[in-house]
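S.K.: Those protein sequences? They're chains P and Y, same order as listed.
Following the working numbering, the numbering of the first sequence begins with -7 at its first residue and continues without gaps.
Following the working numbering, the numbering of the second sequence begins with 2 at its first residue and continues without gaps.
In this text, a Cβ means the ideal position worked out from N, Cα and C, and glycines have one as well.
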Amino acid sequence: MRADGLTALSYRLQTISMLGGLVVTIVPLYFVARALQPVMTRAIATEGQQYFGFLVVGIIAFFLLTTSVSALPDAIRAGITRGTLEALLATPTPLPVLFIGMIGFPLLWTIVRGAIMLVSAWVLGAHVAWDRGVPALGILVLIAVAHLPFAILSASVIIAFKAAGPFSQGVLTVSALLGGVYYPTHVIPAWLHAISAVLPLTYGLRALRRTLLERASFGTVAPDVAILAGFALVLLAVSLLAFSWALRYARRAGTLAQY
Amino acid sequence: MTTVIAHDTPPTLSHGRATEAAISIQHLTKRFPVHRGWKQTLRHPLRGDSTTALHQITCDIRRAEFFGLLGPNGAGKTTLFKILATLILPDHGTARVEGCDVVRDADGVRRVLAPVIADERSLYWRLSAHENLRLFAVLHGVRPQMLNRRVTELLEVVRLGEAGAKPAGAFSSGMKQRLLIARALIAAPKVLLLDEPTRSLDPISARDFRAFLRVEIAGRQGCTVLLATHNTEEALQLCDRVAILNRGKFVATGAPAALKEQFGDERYRLWARGADPTALASLAERGVVRGHPLVGERGPEGWSVVELDVPGGAPRVAQILQFLVGRGVAVARCERVDLSLADLIERVLQRA
Chain P
-7 MRADGLTALS
3 YRLQTISMLG
13 GLVVTIVPLY
23 FVARALQPVM
33 TRAIATEGQQ
43 YFGFLVVGII
53 AFFLLTTSVS
63 ALPDAIRAGI
73 TRGTLEALLA
83 TPTPLPVLFI
93 GMIGFPLLWT
103 IVRGAIMLVS
113 AWVLGAHVAW
123 DRGVPALGIL
133 VLIAVAHLPF
143 AILSASVIIA
153 FKAAGPFSQG
163 VLTVSALLGG
173 VYYPTHVIPA
183 WLHAISAVLP
193 LTYGLRALRR
203 TLLERASFGT
213 VAPDVAILAG
223 FALVLLAVSL
233 LAFSWALRYA
243 RRAGTLAQY
Chain Y
2 MTTVIAHDTP
12 PTLSHGRATE
22 AAISIQHLTK
32 RFPVHRGWKQ
42 TLRHPLRGDS
52 TTALHQITCD
62 IRRAEFFGLL
72 GPNGAGKTTL
82 FKILATLILP
92 DHGTARVEGC
102 DVVRDADGVR
112 RVLAPVIADE
122 RSLYWRLSAH
132 ENLRLFAVLH
142 GVRPQMLNRR
152 VTELLEVVRL
162 GEAGAKPAGA
172 FSSGMKQRLL
182 IARALIAAPK
192 VLLLDEPTRS
202 LDPISARDFR
212 AFLRVEIAGR
222 QGCTVLLATH
232 NTEEALQLCD
242 RVAILNRGKF
252 VATGAPAALK
262 EQFGDERYRL
272 WARGADPTAL
282 ASLAERGVVR
292 GHPLVGERGP
302 EGWSVVELDV
312 PGGAPRVAQI
322 LQFLVGRGVA
332 VARCERVDLS
342 LADLIERVLQ
352 RA
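Below is the structure:
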């Protein structure tokens, strides 16, 4: 994590432009949300009522989901190309610890960016329940963990077949459209509800908005959190099995360092 | 630098002494699937062609031994290294490093063995040398209170003490190689795998680096070192024993001096005049000399140099001289030629 952090922060211009870009992004969001507020008020009655806050929280969660889904495959691909992956796998560090090290900094950096965005939104008038920050952070971390299996599946495909599979892009696209990032899931057509219901983001975002924008108690959001945790457990087990198989396949075929 | 010629030892230790071996390889075999084009894949989707990278390799390497692997490209050196480093799984046979099996106890192997991946890109170029070592120290489980001391010590050992704060990307190739070595040594491994460590170094840096390997790594650190190299002089200078690998098989193993004794003490050079090509050819046909004698260009007084590979050495040479003189060939001088290791390997490969 420290190595990734030092490496990323050594690109100073990129760091500054990334942080500056967040503040610039929030302004058009504010005006768009203000314009749509009358239309959205009823639809988001149980998720904060204020569309600006609804939108900003959705985008922050989506940033985190994007990092969660893409950081590991990106790190694995870069590691194969540079030769660092072989060096890392030749150490006695267990694989899950290596994974955490690979994604730790990108996730932390996304949380920092999300916090800056949230503070900027609050300055512009978003209603944020700061006293619910800790449970909200917990739900954010759970959203990240629940999407990590897609990253592990994607990394497995890269390790075994040297090409990115459909997992990352597929999950991002479907989650953005049907996971409730820009609008609540109950406004989408009924025949798409089934897809929305199997997306971890649907439950994570609803719990996050209720906590951070409605000041909801843990008991209120517990069912959503439980479903999210269930997704995380089941998908993690499946994805770790897939990664273990992919690694064994690459070791057997001698293609671990090939790209 | 002093050339170290090790005591002559048999190529493999007996099973009874296996505990003395740092690396014990038994009947190791590895095949790789052959990459096929679309046409072949569609025509025979179920056929799995493979190529043999290692075939029934057996070898023991003693503790603190400097062992060289020589051979042409594609001989199987890197495959063997990667199997020992647990990065590739073998198909058959076993390999043990300090008693740990590379398949069943891969974690144990990783704790005692460090591969030096010669690719400079495997360093984190944006990080300082110090940070690069720190990262791998953490991954190898070096205790936090020991971490900085160990990193500083190692930077001094590889003579990068003053450059420790500089980003690795700003280093010369020689400095990067030394940093890669330091990275491998961070957890004080018992076994070190070096794959062509002087490949990208200029001759002076390569010489210094070889001295460093011999004195510091094999001498002071007491590591068992397995060195794969194309540079035969390097192997001669550094290694206690060398193995010549060709098409996945060991074709010769032993101390460099012993290999020279076995394969290289039979080339003789004659200064002859009036050498009849048919007389020389008949020597080859009768099996008195191996292969065909090499006849150099004729000099101003009619003398030419003839090189003969004579199985049996000096006694047989006396008979050859007698034969040639009997056929009217004048011989001014005859001497034994000391083969370079490169010639030796070529000869071993030809015979294999």
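Would you mind working out which of Y:V139, Y:V289, Y:W126 and Y:W304 sits nearest M(-7) (chain P), comparing C-alpha positions?
M.R.: Sequence index remark: in the first sequence, residue -7 (chain P) carries index 1 (1-based). The residue with the shortest Cα to Cα distance from M(-7) (chain P) is Y:V139.
S.K.: Within 10 angstroms of the Cβ of G13 (chain P), are there 16 or more other Cβ atoms? Answer buried if so, exposed if not.
M.R.: As a first step, residue 13 (chain P) must be located in the first sequence, where it is residue number 21. Exposed is the call here.
S.K.: Which first and last residues belong to the alpha helix (DSSP H) in which L253 (chain P) is found?
M.R.: With chain P represented from -7 up to 251, any question about residue 253 (chain P) goes unanswered, as that position is not in the structure.
S.K.: Are at least three pairs of beta-carbons, each pair with one atom in the region 84 to 99 of chain P and one in the region 168 to 181 of chain P, less than 8 Å apart?
M.R.: The region 84 to 99 of chain P vs the region 168 to 181 of chain P: no contact.
S.K.: For the beta strand (DSSP E) containing N133 (chain Y), list its first residue and its last residue.
M.R.: Counting from one through the second sequence, the residue named residue 133 (chain Y) turns up at place 132. That residue, N133 (chain Y), is in no beta strand (DSSP E); its alpha helix (DSSP H) goes A130 to L140.
S.K.: For a test of the three-state rule: what should DSSP assign to L1 (chain Y), helix, strand or coil?
M.R.: Since the first and last residues shown for chain Y are 2 and 353, residue 1 (chain Y) lies out of range.
S.K.: Have a look at D92 (chain Y) and C60 (chain Y) and give me their C-alpha separation to the nearest angstrom.
M.R.: In the second sequence, the residue the question calls residue 92 (chain Y) occupies position 91. In the second sequence, the residue the question calls residue 60 (chain Y) occupies position 59. Cα to Cα, the separation comes out at about 17 Å.
S.K.: DSSP three-state call for D216 (chain P): helix, strand or coil?
M.R.: Against the first sequence, residue 216 (chain P) aligns to sequence position 224. Reduced to three states, the DSSP call for D216 (chain P) is helix.
S.K.: To the nearest angstrom, how far is it from the Cα of L205 (chain P) to the Cα of P158 (chain P)?
M.R.: Residue 205 (chain P) sits at position 213 when you count from the first residue of the first sequence. Residue 158 (chain P) sits at position 166 when you count from the first residue of the first sequence. L205 (chain P) and P158 (chain P): Cα-Cα distance of roughly 34 Å.
S.K.: For N247 (chain Y), write down the residues that DSSP places opposite it in a beta bridge.
M.R.: By 1-based counting over the second sequence, the position of residue 247 (chain Y) is 246. Note: N247 (chain Y) sits in a beta bridge opposite Y:K250.
S.K.: Alpha carbon to alpha carbon, how far is A253 (chain Y) from H8 (chain Y)? Give it in angstroms, no decimals.
M.R.: What you label residue 8 (chain Y) is simply residue 7 of the second sequence in a count that begins at 1. What you label residue 253 (chain Y) is simply residue 252 of the second sequence in a count that begins at 1. At H8 (chain Y) the pLDDT is 32, less than 50, meaning the model places this residue with poor confidence; the figure from the coordinates comes in the next sentence. Counting only the Cα atoms, A253 (chain Y) lies some 17 Å from H8 (chain Y).
S.K.: In angstroms with no decimal places, state the Cα-to-Cα distance between W114 (chain P) and G196 (chain P).
M.R.: The residue given as residue 114 (chain P) occupies position 122 in the first sequence. The residue given as residue 196 (chain P) occupies position 204 in the first sequence. So the two alpha carbons sit approximately 21 Å from each other.
S.K.: For V152 (chain Y) versus L180 (chain Y), is the C-beta distance shorter than 8 Å?
M.R.: As a working mapping, residue 152 (chain Y) is identified with position 151 in the second sequence. As a working mapping, residue 180 (chain Y) is identified with position 179 in the second sequence. By the CB criterion at 8 Å, V152 (chain Y) and L180 (chain Y) fall outside the cutoff.
S.K.: Quick check on N74 (chain Y): buried or exposed, where buried means 16 or more other Cβ atoms within 10 Å of its Cβ?
M.R.: The sequence position of residue 74 (chain Y) within the second sequence is 73, counting from 1. Counting Cβ neighbours within 10 Å, N74 (chain Y) comes out exposed, since fewer than 16 surround it.
S.K.: Check each residue of the region 76 to 90 of chain Y: if its Cβ is closer than 8 Å to any Cβ of chain P, include it; give the result in chain order.
M.R.: T80, K83, A86, T87, L88, I89 and L90
S.K.: Mapping DSSP to helix, strand and coil, what is W39 (chain Y)?
M.R.: Along the second sequence, one-based indexing puts residue 39 (chain Y) at 38. Correct three-state label for W39 (chain Y): helix.
S.K.: Quick check on DSSP: helix, strand or coil for T242 (chain Y)?
M.R.: Position 241 of the second sequence, counted from the start, is the residue given in the question as residue 242 (chain Y). For the sequence presented, residue 242 (chain Y) should be read as Arg rather than Thr. DSSP places R242 (chain Y) in strand when its eight states are reduced to three.
S.K.: First and last residue of the alpha helix (DSSP H) that includes Y269 (chain Y)?
M.R.: Walking along the second sequence from the start, residue 269 (chain Y) turns up at place 268. Y269 (chain Y) -> not in any alpha helix (DSSP H); beta strand (DSSP E) instead, spanning R268 to R274.
S.K.: Answer yes if the region 189 to 198 of chain Y comes into contact with the region 218 to 237 of chain Y, meaning at least three C-beta pairs across the two stretches below 8 Å, and no otherwise.
M.R.: The answer is yes - the region 189 to 198 of chain Y touches the region 218 to 237 of chain Y, with three or more Cβ pairs under 8 Å.
S.K.: Reducing DSSP to helix, strand and coil, say where E39 (chain P) ends up.
M.R.: Against the first sequence, residue 39 (chain P) aligns to sequence position 47. Residue state, collapsed to three classes: coil.
S.K.: Taking G94 (chain Y) as the reference, give the member of Y:V330, Y:V103 and Y:L88 with the closest Cα.
M.R.: Within the second sequence, residue 94 (chain Y) is the residue found at index 93, counting from 1. Nearest of Y:V330, Y:V103 and Y:L88 to G94 (chain Y), Cα basis: Y:V103.
S.K.: Is there at least one Cβ from chain P nearer than 8 Å to R48 (chain Y)'s Cβ?
M.R.: The residue given as residue 48 (chain Y) occupies position 47 in the second sequence. Chain P contact via Cβ: absent.
S.K.: State yes or no: is the beta carbon of E206 (chain P) nearer than 8 Å to at least one beta carbon in chain Y?
M.R.: Translated into positions along the first sequence, residue 206 (chain P) becomes position 214. So no, E206 (chain P) is outside the interface.
S.K.: Closest by CA to L140 (chain P), which one among P:K154, P:V226 and P:R105?
M.R.: Taking the first sequence and counting its residues from 1, the one referred to as residue 140 (chain P) is at position 148. Comparing alpha carbon positions, the residue from P:K154, P:V226 and P:R105 closest to L140 (chain P) is P:V226.
S.K.: Below 8 Å on the Cβ atoms is my contact criterion, and I expect V307 (chain Y) with L271 (chain Y) to pass it. Report the Cβ-Cβ distance as a whole number of Å.
M.R.: Along the second sequence, one-based indexing puts residue 307 (chain Y) at 306. Along the second sequence, one-based indexing puts residue 271 (chain Y) at 270. That pair is a contact at about 5 Å.
S.K.: Is D61 (chain Y) near the ligand MG, going by C-beta to nearest heavy atom under 7 Å?
M.R.: The ligand MG is absent from the structure shown, which contains no ligand whatsoever.
S.K.: Report the three-state DSSP secondary structure of R127 (chain Y) (helix, strand or coil).
M.R.: As a working note, residue 127 (chain Y) is residue 126 in the second sequence. Correct three-state label for R127 (chain Y): coil.
S.K.: Do you know offhand how far D216 (chain P)'s Cα is from A155 (chain P)'s?
M.R.: As a position in the first sequence, residue 216 (chain P) is number 224, starting the count at 1. As a position in the first sequence, residue 155 (chain P) is number 163, starting the count at 1. About 34 Å.
S.K.: Within a Cβ cutoff of 8 Å, which residues of the same chain sit near I144 (chain P), ignoring the five residues on either side of it in sequence?
M.R.: Residue mapping note: residue 144 (chain P) aligns to position 152 of the first sequence, counting from 1. The answer, listed in chain order, is L64, F91, L228, S231, L232, A234 and F235.
S.K.: According to DSSP, simplified to helix, strand and coil, what is Q57 (chain Y)?
M.R.: Here residue 57 (chain Y) refers to the residue found at position 56 when the second sequence is read from its first residue. Q57 (chain Y): strand per DSSP, three-state reduction.
S.K.: Which two residues bound the contiguous alpha helix (DSSP H) that contains K31 (chain Y)?
M.R.: As a working note, residue 31 (chain Y) is residue 30 in the second sequence. Where K31 (chain Y) is concerned, there is no enclosing alpha helix (DSSP H), although the beta strand (DSSP E) it sits in stretches over A22 to P34.
S.K.: Can you look up H185 (chain P) in the DSSP assignment and give me helix, strand or coil?
M.R.: On the first sequence, position 193 is the one that residue 185 (chain P) refers to. Three-state result, H185 (chain P): helix.
S.K.: Which residue's Cα is closest to the Cα of A317 (chain Y): Y:Q27, Y:R242, Y:I26 and Y:C335?
M.R.: Position 316 of the second sequence, counted from the start, is the residue given in the question as residue 317 (chain Y). It is worth fixing the name first, because residue 317 (chain Y) is Arg in this sequence and not Ala. The shortest Cα separation from R317 (chain Y) among Y:Q27, Y:R242, Y:I26 and Y:C335 belongs to Y:C335.
S.K.: Alpha carbon to alpha carbon, how far is L239 (chain Y) from R215 (chain Y)? Give it in angstroms, no decimals.
M.R.: Along the second sequence, one-based indexing puts residue 215 (chain Y) at 214. Along the second sequence, one-based indexing puts residue 239 (chain Y) at 238. Rounded to the nearest angstrom, the two C-alpha atoms are 6 Å apart.
S.K.: Which of the three DSSP states is assigned to G12 (chain P) in this structure?
M.R.: Locating residue 12 (chain P) in the first sequence gives position 20, where the first residue counts as 1. Helix.
S.K.: Skipping 5 residues on each side, what residues in its chain have a beta carbon closer than 8 Å to that of T79 (chain Y)?
M.R.: As a first step, residue 79 (chain Y) is located in the second sequence; it is residue number 78 there, counting from the start. Excluding sequence neighbours, T79 (chain Y) sits near D196 and A229.
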